[in-house]
Amino acid sequence: MKRTTGQNRAITSQWRPATHAVRAGTWRTEQGETSEALFLNSGYSYESAAQAAARFAGTEAGMTYSRTQNPSVQMLEERIAMMEGAEACRAQASGMAAMTAAMLCQLSQGDHMVAGRALFGPCRWVIDNLLPRFGITTTVVDARDNAAWEAAIRKNTKVFFFETPANPTMDIADIAFISALGKAHGITTVVDNAFCTSALQRPLDLGADVVAYAATKLMDGQGRVLAGAVCGSKEFIEDKLLPFQRNTGPTLAPFSAWVVLKGLETLDLRAFRQSENAIRVGRFLEGRVPRIIHPGLPSHPQHDLAMKQMAAGGAIFSFVLDGGREQAWALLDALELIDISNNIGDTRSLICHPSTTTHHSVGAEGREAMGVVEGMLRMNVGLEDTDDLIEDLDRALTRAGL
Ligand SMILES: *Cc1c(COP(=O)(O)O)cnc(C)c1O
43 MKRTTGQNRA ITSQWRPATH AVRAGTWRTE QGETSEALFL NSGYSYESAA
93 QAAARFAGTE AGMTYSRTQN PSVQMLEERI AMMEGAEACR AQASGMAAMT
143 AAMLCQLSQG DHMVAGRALF GPCRWVIDNL LPRFGITTTV VDARDNAAWE
193 AAIRKNTKVF FFETPANPTM DIADIAFISA LGKAHGITTV VDNAFCTSAL
243 QRPLDLGADV VAYAATKLMD GQGRVLAGAV CGSKEFIEDK LLPFQRNTGP
293 TLAPFSAWVV LKGLETLDLR AFRQSENAIR VGRFLEGRVP RIIHPGLPSH
343 PQHDLAMKQM AAGGAIFSFV LDGGREQAWA LLDALELIDI SNNIGDTRSL
393 ICHPSTTTHH SVGAEGREAM GVVEGMLRMN VGLEDTDDLI EDLDRALTRA
443 GL
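Count along the sequence shown from 1, then add 42; that gives the number in our numbering.
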């Protein structure tokens, strides 16, 4: 095996993100294959007993077991780290494995976290139900409100956690402000960057300490595998995340890593084209529905901040109908092209009703606090011709009485 990129960090670290997405972390076997090889193995053999001992002692570099190292997974980790501008990255079995690991690897009994209120549903479950069982408390704040982050800090606050844009309200959190506030108080800022990926938003450049991913979404981008990743400093990944991961086992399968590697090659194209498509479809909806929320549209209340920290608005928006659940469901059921699906980041256009699907488990009270109303729909705009998407929505809106 030969690393064909990453060998000369001084040169490769200067490449631009779109180049990293195609090239970073490519290792080649003696066959010289262009596309990365897939290593479907759990174990490794050694040339001698002494070599096995040296690998375990850490005095010789090399693989020992695929829970800790696998070439296909490591190629993905190198690529994501380079794209993100991070010193290190560890792939995870899913986005939720990444979020949970990013929290649990650094929080202990008695610690406190501050988190954005509008979060991916299962992240709220972890904060509300899992962490308290281990004596870890969380204050949930309106992530848009900079003063609320500051007011929530306690002596034992260790972590800030948020996503931006937030799911499904599309709230924007000020990454640079929150990260600087965290730094001033010795708090680690963790950003869930699944909606954007490094193609559209680079939280580490804005001062965040850790970026956690659902690679399931825009990174794979084609609705095929579950995957996650955590990026940060070498120290954070090696001293905090790795011991947690090695011993608890939320490791990514090599096949899934390989699929995500293929997805990343087209990430830049997809992220910008889907953002453009979302603007086109969003502009149509602006004339037909009472409210549409997309960071790339000037009608978003935080459009300026969004455009300061994002390269484009992204593939996802939410819109609200006055007729509540009944009208929202009528619209979904009248669609011919766009799928009813809770997934996002796919090349296919997908739409869902958050309050009865992704945010069902948050409960009515939680949804109300987050602003997830019954008439809200969330759409992922894919790579289809936008005229076909607009015609499909137009027909369905008419049938739903709009
Ligand atoms: C999907 C998603 C997750 C969880 O990812 P899985 O791969 O489904 O576990 C976490 N955060 C956000 C913002 C997501 O969209």
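Even for Gly, the Cβ is constructed at its ideal location relative to N, Cα and C.
Being a predicted model, the structure only gives us computed values, none of them experimental.
Buried or exposed by the 16-neighbour rule on C-beta atoms within 10 Å, applied to residue 336
Taking the sequence shown and counting its residues from 1, the one referred to as residue 336 is at position 294. Buried, since its Cβ has 16 or more Cβ neighbours within 10 Å.
Please determine if the region 189-204 and the region 153-163 are in contact, where contact requires at least 3 C-beta pairs separated by less than 8 Å.
yes
Only counting the same chain, and skipping five residues up and downstream in sequence, which positions put a Cβ closer than 7 Å to that of residue 303?
One-based indexing of the sequence shown puts residue 303 at position 261. For residue 303, where only same-chain residues beyond five positions count, the Cβ hits under 7 Å are 78, 117, 118, 121.
Regarding residue 268 and ligand 1, is the C-beta to nearest heavy atom distance less than 7 Å?
Numbered from its first residue, the sequence shown carries residue 268 at position 226. Yes, the Cβ of residue 268 comes within 7 Å of a heavy atom of ligand 1.
Integer Cβ distance of residue 256 from residue 137, believed to fall under 8 Å:
Counting from 1 along the sequence shown, the entry for residue 256 is found at position 214. Counting from 1 along the sequence shown, the entry for residue 137 is found at position 95. The pair is a contact, with the Cβ atoms about 2 Å apart (cut-off 8 Å).
Could you pull out every unbroken beta strand (DSSP E) segment of at least 3 residues lying fully inside the region 346-415, listed in chain order?
358-362, 392-394
Under 7 Å Cβ to Cβ from residue 245, same chain only, skipping five residues before and after it: list those, please.
What you label residue 245 is simply residue 203 of the sequence shown in a count that begins at 1. Same-chain partners within the cutoff: 217, 233, 235, 253.
Can you tell me whether residue 388 is buried or exposed, with buried defined as 16 or more other CB within 10 angstroms of its CB?
Your numbering for residue 388 matches position 346 in the sequence shown. Burial call: buried.
Measuring from the CB of residue 422, is there a heavy atom of ligand 1 at a distance below 7 Å?
Start at 1 with the first residue of the sequence shown, and residue 422 comes out as number 380. Residue 422 Cβ: outside cutoff for every heavy atom of ligand 1.
Please report the distance separating the alpha-carbon of residue 397 from that of residue 172.
Counting from one through the sequence shown, the residue named residue 397 turns up at place 355. Counting from one through the sequence shown, the residue named residue 172 turns up at place 130. Their backbone Cα atoms lie some 22 Å apart in a straight line.
Sorry if obvious, but does the Cβ on residue 240 come closer than 7 Å to a heavy atom of ligand 1?
Position 198 of the sequence shown, counting from 1, holds the residue named residue 240. Not so, every heavy atom of ligand 1 lies at least 7 Å from the Cβ.
In whole angstroms, what separates the C-alpha of residue 402 from that of residue 350?
Position 360 of the sequence shown holds residue 402. Position 308 of the sequence shown holds residue 350. Looking at the two C-alpha atoms, the distance is approximately 32 Å.
Could you give the DSSP three-state label for residue 437: helix, strand or coil?
Position 395 of the sequence shown, counted from the first residue, corresponds to residue 437. Helix at residue 437.
Using DSSP with H/G/I as helix, E/B as strand and the rest coil, what is residue 282?
Translated into positions along the sequence shown, residue 282 becomes position 240. Helix, per DSSP.
Would residue 89 be called buried (16 or more neighbouring beta carbons within 10 Å of its own) or exposed?
In the sequence shown, counting from the first residue as 1, residue 89 sits at position 47. Result: exposed.
Please state if the CB of residue 160 and the CB of residue 283 are separated by a distance shorter than 8 Å.
Translated into the one-based positions of the sequence shown, residue 283 becomes position 241. Translated into the one-based positions of the sequence shown, residue 160 becomes position 118. The answer is no: Cβ separation not under 8 Å.
In chain order, each beta strand (DSSP E) run of at least 3 residues that lies wholly inside the region 236-282
252-256, 270-274
For residue 9, tell me which candidate among 183, 242, 133, 339 has the shortest Cα-Cα distance.
The structure shown has nothing for residue 9, since the chain only spans 43 to 444.
Give me the residue from 359, 331, 353 with the minimum Cα distance to residue 342.
Walking along the sequence shown from the start, residue 342 turns up at place 300. Nearest of 359, 331, 353 to residue 342, Cα basis: 359.
Are the beta-carbon atoms of residue 296 and residue 431 separated by less than 8 Å?
On the sequence shown, position 254 is the one that residue 296 refers to. On the sequence shown, position 389 is the one that residue 431 refers to. Their beta carbons are not under 8 Å apart, which means residue 296 does not touch residue 431 by this criterion.
Looking at ligand 1, does it come within less than 7 Å of residue 250, judged from the CB to the closest heavy atom?
Start at 1 with the first residue of the sequence shown, and residue 250 comes out as number 208. Incorrect: residue 250 has no Cβ contact closer than 7 Å to ligand 1.
Just the C-alpha distance for residue 378 and residue 102, rounded to the nearest angstrom, thanks.
Numbered from its first residue, the sequence shown carries residue 378 at position 336. Numbered from its first residue, the sequence shown carries residue 102 at position 60. Approximately 58 Å between the Cα atoms of the pair.
In whole angstroms, give me the CA-to-CA distance for residue 84 and residue 263.
Position 42 of the sequence shown, counted from the first residue, corresponds to residue 84. Position 221 of the sequence shown, counted from the first residue, corresponds to residue 263. Each residue's Cα considered, the two are about 26 Å apart.
Under a Cβ-count criterion, where at least 16 other Cβ atoms within 10 Å of its own Cβ denotes burial, should residue 243 be classed as buried or exposed?
Within the sequence shown, numbered from 1, the residue matching residue 243 stands at position 201. When all chains shown are included, residue 243 counts as buried.
Counted within 10 angstroms of its Cβ, other Cβ atoms place residue 92 as buried (16 or more) or exposed:
Here residue 92 corresponds to residue number 50 of the sequence shown, with the count starting at 1. Exposed, because fewer than 16 other Cβ atoms sit within 10 Å of the Cβ of residue 92.
So within the region 180-246, which uninterrupted alpha helix (DSSP H) runs reach at least 4 residues, ignoring any that extend past its ends?
188-194, 217-226, 239-242
Compute every distance between the C-beta of residue 234 and the non-hydrogen atoms of ligand 1, then say whether any falls below 7 Å.
Start at 1 with the first residue of the sequence shown, and residue 234 comes out as number 192. Yes; taking the cut-off as 7 Å, the Cβ of residue 234 has a heavy atom of ligand 1 nearer than that.
Do you know offhand how far residue 191's Cα is from residue 229's?
Position 149 of the sequence shown, counted from the first residue, corresponds to residue 191. Position 187 of the sequence shown, counted from the first residue, corresponds to residue 229. Taking the straight line from one Cα to the other gives about 12 Å.
DSSP state of residue 132 mapped onto helix, strand, coil:
Here residue 132 refers to the residue found at position 90 of the sequence shown. Three-state result, residue 132: strand.
Between which two residues does the alpha helix (DSSP H) harbouring residue 171 extend?
Working through the sequence shown from its first residue, we reach residue 171 at position 129. It is not in any alpha helix (DSSP H) - residue 171 carries neither H nor E in the DSSP assignment.
Closest residue to residue 362 among 384, 332, 338 (Cα-Cα distance)
As a working mapping, residue 362 is identified with position 320 in the sequence shown. Measuring from the Cα of residue 362, the nearest candidate turns out to be 332.
Quick check on the burial criterion: 16 or more other C-beta atoms within 10 angstroms. Buried or exposed for residue 227?
As a position in the sequence shown, residue 227 is number 185, starting the count at 1. It is exposed - the Cβ of residue 227 has fewer than 16 other Cβ atoms within 10 Å.
Could you tell me the alpha carbon to alpha carbon distance between residue 100 and residue 313, rounded to whole angstroms?
Counted from its first residue, the sequence shown places residue 100 at position 58. Counted from its first residue, the sequence shown places residue 313 at position 271. So the two alpha carbons sit approximately 40 Å from each other.
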